[in-house]
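Data block below; observations after.
Protein chains: 2
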Amino acid sequence: MKVSRAQAALSRERILETAAKLFREHGFDGIGIADLMKEAGLTHGGFYGHFSSKEELIADASTRALKDTFALMSKQAERAQGDPLAAVASRYLSSKHRNDPGTGCPLAALGPEVARQGQAVREIVTDYVRSAVNLLMTLVAGKTRAARRQKAISTYAVLLGALVTARAVDDRELSREILEAGLATVKG
Amino acid sequence: MKVSRAQAALSRERILETAAKLFREHGFDGIGIADLMKEAGLTHGGFYGHFSSKEELIADASTRALKDTFALMSKQAERAQGDPLAAVASRYLSSKHRNDPGTGCPLAALGPEVARQGQAVREIVTDYVRSAVNLLMTLVAGKTRAARRQKAISTYAVLLGALVTARAVDDRELSREILEAGLATVKG
DNA sequence: ATTAGCATATGACGAGCATCATGTTAAAAG
DNA sequence: CTTTTAACATGATGCTCGTCATATGCTAAT
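Protein sequence lines correspond, in order, to chains E and B.
In short: position in the first sequence from 1, add 17, done, that's the working numbering.
In short: position in the second sequence from 1, add 17, done, that's the working numbering.
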């Protein structure tokens, strides 16, 4: 059955959002088109009316997830009262973020898998990393531009590394300690 | 055909080493039993004489990879002339390590995927993280034990985060810059 | 009101997956 | 020397995967 143009656009949107969530939760290889479409409320056959391949979906869903994450970080920095870096970092290293990879930072959920993807996805991620570093440059202290840039990069690395480790570890207390240590270091 | 006990033990060893490499290169889901066994010089059917399931292989291969990585880090710290922390970090954040995930840090190659694995794998990884933190505690500066522990954790986070990001990014220059910034932060 | 177009559903395709049953053969045990 | 055992090969199992051909029936344009 055909649906209205508006409905079709909504379907595409729902597929994208579902994919952005499920890829982060299960990995690119961990979720199939059929399950994904079912979760979006459609049947698997309809997928190829919206995307030409899974690879294309991966690229589009990654773009979506990365943009959302960056927008959220920007908003948190803007609206922060007090230290904006501390505000961003304490959200990033919160137990909420750790427990909910599906709506969180795509690099923390998919980083190593991105490195195995095609050029399209990696370029999108590269742009995101650049943006994130530029954002962090406006938040960190440092006399020279070069000093701030280096600090921005290492700040991002601490955030990412601490979150990935906190998620991998099986011990609640150790996980909490990792998040806390990362946060303390960033706040410096 | 049957082979000698020694040969069989060698076969198991070869399967383990091949798996430890291929999992890090392609992810747990990215490589199948058949391809793995072919790479190890055997046929897929023989696999279940050595391991009861792929999950068991994942656990054993992860143990192997983590132990090897930790042993290498320890040795580098011991044999370093000058600052042992700098020695370990510059190996970890080298372009060689970045370009060769198959023999490098398992957490950097598989971190988010570990978080989705069963208890067995996650416990093994937890032990490794503890060991790595303990090792780094002996290398970092800090007055109190607590201060050194926090520094050890955040140092590990910087190393991991920088390596993951450097691998994900599609731009040689940016990738190099990320490794360098991480290294400068750890040394500094 | 009629028709053309297209967003979906249904179902099938071949490929690849983990797993297992069976056969073969040589090492180990007696 | 005979028998047992077990490592590996071969091939098949049932399942899931990405992809696509076709059918359906509503929407949008005429």
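Note that beta-carbon positions come from the ideal geometry of N, C-alpha and C, so glycine has one too.
Legend entry - Interface positions of the region 124-140 of chain E facing chain B (Cβ-Cβ less than 8 angstroms), listed along the chain: Leu124, Ala125, Ala126, Leu127, Gly128, Pro129, Glu130, Val131, Ala132, Arg133, Gln136, Arg139 and Glu140
Legend entry - For Ile50 of chain E and Lys71 of chain E, the rounded distance between their alpha carbons: 7 angstroms
Legend entry - Same chain, Cβ closer than 7 angstroms to Thr141 of chain B, five either side skipped, listed in chain order: Per the sequence shown, the amino acid found at residue 141 of chain B is Ile instead of Thr. Answer for Ile141 of chain B: Ala76, Ser79, Thr80 and Leu83, listed in chain order.
Inset, instruction - At 4 residues or longer, and completely inside the region 154-204 of chain B: list those alpha helix (DSSP H) runs for me, N to C. - result: 162-185 and 189-204
Legend entry - Stretch pair the region 91-98 of chain B + the region 56-69 of chain B: three plus CB contacts closer than 8 angstroms: no
Inset, instruction - Compare the beta carbon distance of Gln136 of chain E and Asp187 of chain B with 8 angstroms and say whether it is the shorter of the two. - result: yes
Inset, instruction - Please state if the CB of Thr182 of chain E and the CB of Ala171 of chain B are separated by a distance shorter than 8 angstroms. - result: In the sequence on display, residue 171 of chain B carries Ser and not Ala. No, these two residues do not count as a Cβ contact at 8 angstroms.
Legend entry - Meets three-Cβ-pair contact criterion under 8 angstroms: the region 189-196 of chain B and the region 109-116 of chain B: yes
Inset, instruction - Could you tell me the boundaries of the alpha helix (DSSP H) in which Ala93 of chain B lies? - result: As written in the sequence, residue 93 of chain B is Gln, which differs from the Ala given in the question. Run containing Gln93 of chain B: Lys71 to Arg96, per the alpha helix (DSSP H) assignment.
Inset, instruction - Could you check which residue in B:Arg166, B:Ala25 and B:Ala37 has the C-alpha nearest to that of Gly66 of chain B? - result: B:Ala25
Legend entry - Asp8 of chain B, enclosing alpha helix (DSSP H) - first and last residue: Because chain B in this structure spans residues 18 to 205, residue 8 of chain B falls outside the shown range and cannot be described.
Inset, instruction - Leaving aside the five residues before and after Ala104 of chain B along the sequence, list all residues of the same chain whose C-beta is less than 6 angstroms from its C-beta, in chain order. - result: Gln93 and Ala97
Legend entry - Range covered by the alpha helix (DSSP H) that runs through Arg133 of chain B: Note, Arg133 of chain B: premise wrong, no alpha helix (DSSP H); not H, not E.
Inset, instruction - Kindly indicate if chain E contains any beta-carbon less than 8 angstroms away from that of Arg184 of chain B. - result: yes
Legend entry - CB contact check: Glu194 of chain E to chain B, cutoff 8 angstroms: yes
Inset, instruction - Work out the CA separation of Leu27 of chain E and Ile48 of chain E for me, nearest whole Å. - result: 22 angstroms
Inset, instruction - Specify the secondary structure class of Ser111 of chain B as computed by DSSP and reduced to three states. - result: coil
Legend entry - Asp144 of chain B - DSSP class collapsed to helix/strand/coil: helix
Inset, instruction - Starting from Gly47 of chain B, find everything on chain E with Cβ-Cβ shorter than 9 angstroms and list it in chain order. - result: Asp46, Glu130 and Arg133
Inset, instruction - Would you mind reading off the limits of the alpha helix (DSSP H) that contains Thr35 of chain E? - result: Arg22 to His43
Inset, instruction - Could you name the residues of the region 94-105 of chain B whose beta carbon sits closer than 9 angstroms to any beta carbon of chain E, in the order they occur along the chain? - result: none
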